[in-house]
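**Q** Just dropping this structure here.
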Ligand SMILES: Nc1ncnc2c1ncn2[C@@H]1O[C@H](COP(=O)(O)OP(=O)(O)O)[C@@H](O)[C@H]1O
Ligand SMILES: [Mg+2]
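In the working numbering, the protein residues as written are 563 to 840.
This is how it looks when you write it as C-alpha cells:
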C-alpha cells in the first residue's frame, strides 16, 4: 500500500514538472505589457491584429505594384519618401487622398503608397477606406472585413475588430458595401475622439484616408478638417486645371494641400505614369 502511495506521489511530482505554467489570459498579458512600457503596449496592439496575406497577382492586376521593391515600385517609393519628408517636417500624421472626380486613381495610389511604406520596417501606417459610396480597397485586396471602417467611425466597432494587418506595420480598415449617409457619417461628432484613440493605441506614423471624389458630393469636405494634409490626384487628359483649382481652394479652407499627383499620364515614358507636384 505504501509503495503504491509512494509511486502515486512520484507520478504527481513528475506531472507537475512536465506541466507548463498556466497561460496568462490575453487581457492580462496586454495589461502587463502596458505597465512595462507604452512602446511595448503599441507593439502588442499591432501584433494582436488579424493578419492579411494579399494575393500579389490580384494586386498586380489592379496596378498595385509595391508589394516588393523594384522598377515598378520605384515611382511610388519616390512618392513615399517625399510624403514622409514633408509630413515629418510639418509634424503631420494624417493624409487624405482625394481627386476632383471619380476614377482618377486615388485607391490605386493609396494602396501603392501603403505597401511601399510597409517595406520600411520602422514605419507604421494605417489605411482607412473612406469612399463610403464606392468602397474598393477590400475588393482589390481580396478581403471581406468582419467589421467595417464605417462601423469604427460610428463607434459601433473597435478598430482592432475591423483592422487587417500586413507585415505587422500596415493596417487596413476596410468597407465591403456602401453606406446610406456618408456625409453625415464623415461629419460625425465622435470622429475626432475615435481617431485620437486609434493614434494613442497604435501610434501610426501615418494614417492614410482613401477619400471620395470632391466634386461629386460633400463627403470629402465633411472629413477634410480631420486631416493634416491632402494629396490631390488628377487624371491626365481628363481632369481640368479649373477642377484642380476649385478643389485646391476648397481644401485650403480646411487643411493643407501637400501636392497634386498627375496619374494615367501616357507621356511619362512608363506604362504607369505618375508625376508629383509638391
Ligand atoms: N496609372 C494608371 N494607368 C492606367 N490605369 C490606372 C492607373 N491608375 C489607376 N488606373 C485604373 O483606373 C481605374 C480607377 O482607379 P481607382 O484607383 O479605383 O480610382 P479612384 O479611387 O480615384 O476612383 C482602375 O481600374 C485602376 O486600375
Ligand atoms: Mg477609390
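Glycine included, every Cβ here is placed at the ideal spot set by N, Cα and C.
(1) Residue ranges of each alpha helix (DSSP H) run of no fewer than 4 residues wholly in the segment 722 to 770, ordered along the chain?
(2) Please name the residue in 826, 825, 779 whose C-alpha comes closest to that of residue 809.
(3) Within 8 Å: the Cβ of residue 693 and any heavy atom of ligand 2?
(4) Could you please give the first and the last residue of the uninterrupted beta strand (DSSP E) stretch that includes residue 869?
(5) Look at the alpha carbon of residue 634 and the alpha carbon of residue 818, and state the distance between them as a whole number of angstroms.
(6) With a cut-off of 8 Å on the beta carbons, I'd call residue 744 and residue 694 a contact; round off their distance for me.
(7) So residue 689 and residue 772 are supposed to be a Cβ contact under 8 Å. How far apart are they, rounded?
(8) For residue 795, is the beta carbon positioned less than 8 Å from some heavy atom of ligand 1?
(9) Alpha carbon to alpha carbon, how far is residue 629 from residue 726? Give it in angstroms, no decimals.
(10) Residue range of the alpha helix (DSSP H) that residue 645 falls in?
(11) May I ask you to report which of helix, strand or coil DSSP gives residue 678?
(12) Hey, is the segment 710 to 721 in contact with the segment 789 to 809, meaning 3+ C-beta pairs nearer than 8 Å?
(13) Do residue 620 and residue 703 have their C-beta atoms within less than 9 Å of each other?
(14) Please identify the residue among 822, 798, 655, 699 whose C-alpha is closest to the C-alpha of residue 828.
(15) Could you tell me if the beta carbon of residue 701 falls within a distance shorter than 8 Å of some heavy atom in ligand 2?
(16) Can you list, in chain order, the residues of its chain whose CB lies under 7 Å from that of residue 705, leaving out five sequence neighbours each side?
(17) Alpha carbon to alpha carbon, what distance is there between residue 650 and residue 600?
(18) Distance check for residue 652 and residue 785, CA to CA, integer angstroms please.
(19) DSSP beta-bridge partners for residue 687?
(20) Using the three-state DSSP reduction, which class does residue 711 fall into: helix, strand or coil?
(21) May I ask whether a heavy atom of ligand 1 can be found less than 8 Å away from the beta carbon of residue 622?
**A** Put simply:
(1) Qualifying alpha helix (DSSP H) stretches, in chain order: 744 to 748, 753 to 764.
(2) When 826, 825, 779 are compared, the shortest CA-CA separation from residue 809 is found for 779.
(3) Relative to the non-hydrogen atoms of ligand 2, the Cβ of residue 693 comes within a distance shorter than 8 Å of at least one.
(4) Outside the modelled stretch of the chain, which goes from 563 to 840, sits residue 869, for which no answer is possible.
(5) In a straight line, the C-alpha of residue 634 is about 29 Å away from that of residue 818.
(6) With a Cβ gap of about 4 Å, residue 744 and residue 694 count as contacting.
(7) Between the beta-carbon of residue 689 and that of residue 772 there is about 7 Å, and that keeps the pair under the 8 Å contact cut.
(8) Residue 795 Cβ: within cutoff of ligand 1.
(9) Straight-line Cα distance between these residues: approximately 16 Å.
(10) Counting along the chain, the alpha helix (DSSP H) containing residue 645 begins and ends at 636 to 652.
(11) The three-state reading of DSSP puts residue 678 in helix, counting H, G and I together.
(12) Flag = no, the segment 710 to 721 and the segment 789 to 809 do not touch.
(13) Contact: yes.
(14) Here the closest residue by C-alpha is 798.
(15) Checking the Cβ of residue 701 against ligand 2 gives no.
(16) Cβ neighbours of residue 705 beyond the five flanking positions: 614, 726, 736.
(17) Spanning the two alpha carbons is a distance of roughly 21 Å.
(18) Whole-angstrom Cα-Cα distance: 20 Å.
(19) Beta-bridge pairing links residue 687 to 732, 768.
(20) Helix at residue 711.
(21) Incorrect: residue 622 has no Cβ contact closer than 8 Å to ligand 1.
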